[in-house]
Amino acid sequence: MNAKEYLSQALWLDQMINSKLEQLEYLKSMTTKVSRSIGQEKVSGGKSINSTMEQAIIKVVDLGEEINRDIDRFVDLKREILITINEVSDLNYRLLLELRYISGKSWDEIALTLGYDRSWVFRVHGRALKEIEALLKRSD
Numbered sequence: 017m018n019a020k021e022y023l024s025q026a027l028w029l030d031q032m033i034n035s036k037l038e039q040l041e042y043l044k045s046m047t048t049k050v051s052r053s054i055g056q057e058k059v060s061g062g063k064s065i066n067s068t069m070e071q072a073i074i075k076v077v078d079l080g081e082e083i084n085r086d087i088d089r090f091v092d093l094k095r096e097i098l099i100t101i102n103e104v105s106d107l108n109y110r111l112l113l114e115l116r117y118i119s120g121k122s123w124d125e126i127a128l129t130l131g132y133d134r135s136w137v138f139r140v141h142g143r144a145l146k147e148i149e150a151l152l153k154r155s156d
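Okay, so the sequence shown: first residue is 17 according to the numbering used here, each after it adds one.
Next comes the structure, spelled out in structure tokens:
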């Protein structure tokens with residue numbers, strides 16, 4: 017795994033968690049749409065509405081637990097990446113890497129924050145990645 021892939025892991029995991037949260041909200045909304053009149057026990061096909069509701073609730077609970085495990089992994093991964101970034105000697109490199117890979121800022125936001133143009137940010141990013149690459153090789 018190269019430096020950029022290593023640092024990007026948290027960003028990808030964050031996106032996966034957000035996607036699962038959207039799925040969870042959809043599942044929750046679907047469970048509230050299931051309605052029945054009092055006394056109605058069966059729907060066409062013979063399946064109990066209670067059984068359908070139970071299955072939907074089980075899916076909601078399972079997905080919620082999966083999201084919680086992903087969040088735990090996300091927090092640990094960000095901590096590990098931040099420790100690696102903090103080993104970088106140059107403060108500009110560290111700040112840029114934190115803004116990008118810990119805070120998830122866009123290149124434009126980073127350039128604005130640092131007061132430089134995008135081309136400078138990309139050059140510094142390349143240098144910072146080389147330093148991370150050296151740190152990763154050293155730790156293997």
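For glycine and all other residues, C-beta sits at the position ideal for the given N, C-alpha and C. Remember, predicted model here, so these are calculated numbers, not experimental data.
_N-terminal and C-terminal residue of the alpha helix (DSSP H) that Arg154 is part of_ = Numbered from its first residue, the sequence shown carries residue 154 at position 138. That run of the alpha helix (DSSP H) goes Arg134 to Ser155.
_Leu151 versus Met17: straight-line alpha-carbon distance, rounded_ = Stepping through the sequence shown from its first residue, residue 151 is reached at position 135. Stepping through the sequence shown from its first residue, residue 17 is reached at position 1. Straight through space, the alpha carbons of Met17 and Leu151 are spaced by roughly 13 Å.
_Local Cβ density within 10 Å of Ile148, reported as buried at 16 or more and exposed below that_ = Position 132 of the sequence shown, counting from 1, holds the residue named residue 148. Buried: at least 16 other Cβ atoms inside 10 Å.
*Which term fits Arg116, buried or exposed, when burial requires 16 or more other beta carbons within 10 angstroms of its beta carbon?*
Counting from one through the sequence shown, the residue named residue 116 turns up at place 100. Arg116 should be labelled buried.
*Once you ignore the five residues that flank Ala19 on each side, which residues in its own chain have a CB closer than 7 Å to its CB?*
Residue numbering aside, residue 19 sits at position 3 when the sequence shown is read from its first letter. Non-local beta-carbon contacts of Ala19 in its own chain, meaning distances under 7 Å to residues more than five positions away in sequence, involve Leu145, Ile148, Glu149 and Leu152 in chain order.
_Beta carbon of Leu23 nearer than 8 Å to that of Ile97_ = The sequence position of residue 23 within the sequence shown is 7, counting from 1. The sequence position of residue 97 within the sequence shown is 81, counting from 1. For Leu23 and Ile97, yes; Cβs fall inside 8 Å.
_Beta-carbon spacing of Leu112, Leu130 below 8 Å_ = To locate residue 112, count along the sequence shown from 1; it is residue 96. To locate residue 130, count along the sequence shown from 1; it is residue 114. Going by C-beta atoms, Leu112 is nearer than 8 Å to Leu130.
*Give the single residue among Asp156, Arg143 and Leu37 whose Cα lies nearest to the Cα of Gly80.*
Here residue 80 corresponds to residue number 64 of the sequence shown, with the count starting at 1. Ranking Asp156, Arg143 and Leu37 by Cα distance to Gly80 puts Leu37 first.
*asked:* Using the Cβ count rule (16 or more neighbours within 10 Å means buried), how would you classify Gln31?
replied: Reading the sequence shown from its first residue, position 15 is the one you call residue 31. Classification for Gln31: exposed.
*asked:* I need the straight-line Cα distance from Arg85 to Val91, nearest angstrom please.
replied: Along the sequence shown, read from residue 1 onward, the residue named residue 85 stands at position 69. Along the sequence shown, read from residue 1 onward, the residue named residue 91 stands at position 75. Rounded to the nearest angstrom, the two C-alpha atoms are 10 Å apart.
*What's the C-alpha gap between Glu41 and Arg89?*
By 1-based counting over the sequence shown, the position of residue 41 is 25. By 1-based counting over the sequence shown, the position of residue 89 is 73. Distance between the alpha carbons of Glu41 and Arg89: 21 Å.
*Within its chain, find whatever has a CB closer than 8 Å to the CB of Lys121; leave out the 5 residues flanking it on each side and keep chain order.*
Taking the first residue of the sequence shown as 1, we reach residue 121 at position 105. Excluding sequence neighbours, Lys121 sits near Leu115 and Thr129.
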